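For the protein sequence lines, the chains are W and Z, in the order given. Residues 16 to 122 in the numbering used here are what the first sequence lists, from first letter to last. Residues 43 to 253 in the numbering used here are what the second sequence lists, from first letter to last. Think of the CB as a built atom: it goes at the ideal place given N, C-alpha and C, for glycine as much as any other residue. Fair warning: this is a prediction, and the values are worked out from it, not measured in the lab.
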Amino acid sequence: MNLIMEIEKEFKKEIPAVKPGDEVALHLKVVEAGKERTQIFKGTVIAMRGSGTGATMTVRKVSYGEGVERIVPLCSPILKKIEILKTGKSRRAKLYHLREGELRSAR
Amino acid sequence: MALGILGVKIGMTRIFNEAGAPVPVTVIQAGPCPVVQQKQPEKEGYLALQIGFGKIRRPIKSIVGHFKKSGLEQAYRFLREFLVDASELQKFPVGSQVKVDIFAAGEKVSVSGVSIGKGFQGVVKRHGFAGGPATHGSMQHRAPGSIGGSNPDRVPKGRRMGGRMGGKRITIHNLEVVRVDMERNLLLLKGAVPGAEEGLLEIKKRHKVSP
């Protein structure tokens, strides 16, 4: 198992202590027409899962009335930076109920 | 005819390529494998390299003798042969070492190993039969169904039934080498390989395909 961790180490980076419920801004690297730029995705963390290089985070936002979710691998080189905009006070680990809340208010 | 190396499966993880896309990889610790014997056409009737791998706990004298004959101090647990051509045979004289640098990133390889034993399994798991309906009074859930008729009034040979599953030698072809780590003698292959962690694997260069 040790060797696996050694290989994973080179992909590990400093990740701030993010928790489900937090509002974050993800700085994502986007390659468009051969050019590289940073796209910022702002939203609420609704789930964190996995460990090692396989860990991911699900961030949800409502854009023009439409719910948008992005699942980002935490160790991915695409993820440049995580900014914590607001810390939430969620009592649960998975905030999937936020999806239904949005449906209800839309009606 | 392909040169190969022996290794053990360490486990799986995922890494990211230059584009930032995740790649599932199996980590294999392979070699260095000393060449113990060269099989020659004059003597054995074919060309092959016999290579050793793995620590041996209590070597038997007859085995130690075989390694001594090749000028090796130490005996190894596994001995395997790889059919090679004359040029490859020349490159690896007895006593030299086969290392992971015989592979390069991007190359396709074949991997053989003994699959994980599943014990006695039914026909649904072992052969992928559909089974019967689960409900509505069905009493045929995971049964194989009819296994033959009144003519020829016997079960045909080779009829797929339940039985021992796994624990067989399996070869997977065309796995991509993602990375070769000379320092730690590691190979990173894309995808899964047969067998349990710490199980012996034979990693072979791809057969040369005629164009």
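Below-9 Å beta-carbon distance, residue i vs any chain W residue
{"i": "Ala147/Z", "result": "no"}
{"i": "Met14/Z", "result": "Outside the shown range of chain Z (43 to 253) lies residue 14/Z, about which nothing can therefore be said."}
{"i": "Ile93/Z", "result": "no"}
{"i": "Arg201/Z", "result": "no"}
{"i": "Ala52/Z", "result": "For clarity, residue 52/Z is Ile in the given sequence; the question names Ala instead. By this cut-off, Ile52/Z is an interface position."}
{"i": "Gln71/Z", "result": "yes"}
{"i": "Leu228/Z", "result": "yes"}
{"i": "Thr177/Z", "result": "no"}
{"i": "Thr213/Z", "result": "no"}
Residues of its chain near residue i, where Cβ-Cβ distance is below 6 Å and the 5 sequence neighbours each way are ignored
{"i": "Lys141/Z", "result": "Gly73 and Pro74"}
{"i": "Gly159/Z", "result": "Gly208 and Gly209"}
{"i": "Gly65/W", "result": "Thr71"}
{"i": "Glu29/W", "result": "none"}
{"i": "Glu38/W", "result": "Thr59, Leu100 and Lys101"}
{"i": "Ile93/W", "result": "Leu43 and Lys44"}
Residue-level contact to chain Z via CB, residue i, 9 Å cutoff
{"i": "Arg122/W", "result": "Annotation note: pLDDT 48 at Arg122/W (below 50); position unreliable, no value reported."}
{"i": "Glu84/W", "result": "no"}
{"i": "Val74/W", "result": "no"}
{"i": "Thr68/W", "result": "yes"}
{"i": "Lys44/W", "result": "yes"}
{"i": "Leu18/W", "result": "yes"}
{"i": "Ile30/W", "result": "no"}
{"i": "Glu23/W", "result": "yes"}
{"i": "Phe56/W", "result": "no"}
{"i": "Pro88/W", "result": "yes"}
Outcome for residue i when other beta-carbon atoms lying within 10 angstroms are tallied against a minimum of 16
{"i": "Asn227/Z", "result": "buried"}
{"i": "Lys34/W", "result": "exposed"}
{"i": "Ile97/W", "result": "buried"}
{"i": "Thr68/Z", "result": "buried"}
{"i": "Pro236/Z", "result": "buried"}
{"i": "Arg122/W", "result": "Its pLDDT being 48, under 50, Arg122/W is placed unreliably in this model, and the value from its coordinates should be taken loosely. Arg122/W is exposed by the Cβ-count criterion."}
{"i": "Ser154/Z", "result": "buried"}
{"i": "Lys254/Z", "result": "A query on residue 254/Z cannot be resolved here, the shown segment of chain Z reaching from 43 to 253 and no further."}
{"i": "Phe162/Z", "result": "exposed"}
{"i": "Gly46/Z", "result": "buried"}
{"i": "Pro88/W", "result": "buried"}
Residue closest to residue i, alpha-carbon to alpha-carbon, out of the options
{"i": "Cys90/W", "options": "Gly62/Z, Tyr88/Z, Pro186/Z and Pro198/Z", "result": "Gly62/Z"}
{"i": "Asn49/Z", "options": "Arg248/Z, Leu243/Z and Lys247/Z", "result": "According to the sequence as given, residue 49/Z is Gly; it is not Asn. Residue Leu243/Z is the option with its Cα nearest to Gly49/Z."}
{"i": "Thr73/W", "options": "Gly67/W, Val60/W and Ala32/W", "result": "Val60/W"}
{"i": "Phe95/Z", "options": "Tyr118/Z, His178/Z and Val166/Z", "result": "Tyr118/Z"}
{"i": "Leu121/Z", "options": "Pro101/Z, Gln132/Z and Ala172/Z", "result": "Pro101/Z"}
{"i": "Met224/Z", "options": "Ala44/Z, Leu114/Z and Phe145/Z", "result": "Phe145/Z"}
{"i": "Gln79/Z", "options": "Leu89/Z, Ile70/Z and Gln71/Z", "result": "Leu89/Z"}
{"i": "Gly58/W", "options": "Leu18/W, Glu84/W and Ile19/W", "result": "Glu84/W"}
{"i": "Ala185/Z", "options": "Lys111/Z, Pro175/Z, Glu240/Z and Gln132/Z", "result": "Pro175/Z"}
{"i": "Gly80/W", "options": "Arg114/W, Ala40/W, Glu21/W and Gly36/W", "result": "Arg114/W"}
{"i": "Gly87/Z", "options": "Val126/Z, Gly107/Z, Val106/Z and Ile52/Z", "result": "Val126/Z"}
{"i": "Gln215/Z", "options": "Gly173/Z, Gly170/Z, Val165/Z and Glu149/Z", "result": "In the sequence on display, residue 215/Z carries His and not Gln. That would be Glu149/Z, whose Cα lies nearest to the Cα of His215/Z."}
{"i": "Leu91/Z", "options": "Pro76/Z, Arg99/Z, Ile105/Z and Ile98/Z", "result": "Pro76/Z"}
Cut-off 8 Å between Cβ atoms - residues of its own chain near residue i, not counting five sequence neighbours on either side
{"i": "Val65/Z", "result": "Arg56, Ile57, Phe58, Asn59, Val220 and Lys232"}
{"i": "Lys95/W", "result": "His42, Leu43, Lys44 and Thr53"}
{"i": "Lys27/W", "result": "Thr68 and Cys90"}
{"i": "Ser180/Z", "result": "Gly174"}
{"i": "Asp143/Z", "result": "Val222 and Met224"}
heavy atom of the ligand ZN below 8 Å from residue i C-beta
{"i": "Tyr79/W", "result": "Of the ligands one can find in the structure shown there are none, so the ligand ZN has no counterpart to examine."}
Own chain, CB closer than 7 Å to residue i, minus 5 neighbours either side, in chain order
{"i": "Ser157/Z", "result": "Gly208, Gly209, Lys210, Ile212, Pro236 and Gly237"}
{"i": "His183/Z", "result": "Gly173, Gly174 and Ala176"}
Chain-ordered neighbours of residue i on chain A, where CB pairs are closer than 7 Å
{"i": "Pro92/W", "result": "The structure shown contains no chain A; the protein chains it does contain are W and Z."}
| Sequence ranges, beta strand (DSSP E) only - wholly within the region 162-212 of chain Z, length at least 3 | Counting only runs of 3+ residues, the beta strand (DSSP E) found wholly inside the region 162-212 of chain Z occupies 205-207, in chain order.
| message | Which complete beta strand (DSSP E) runs does the region 90-116 of chain W hold, if anything under 3 residues is left out? | response | 94-101
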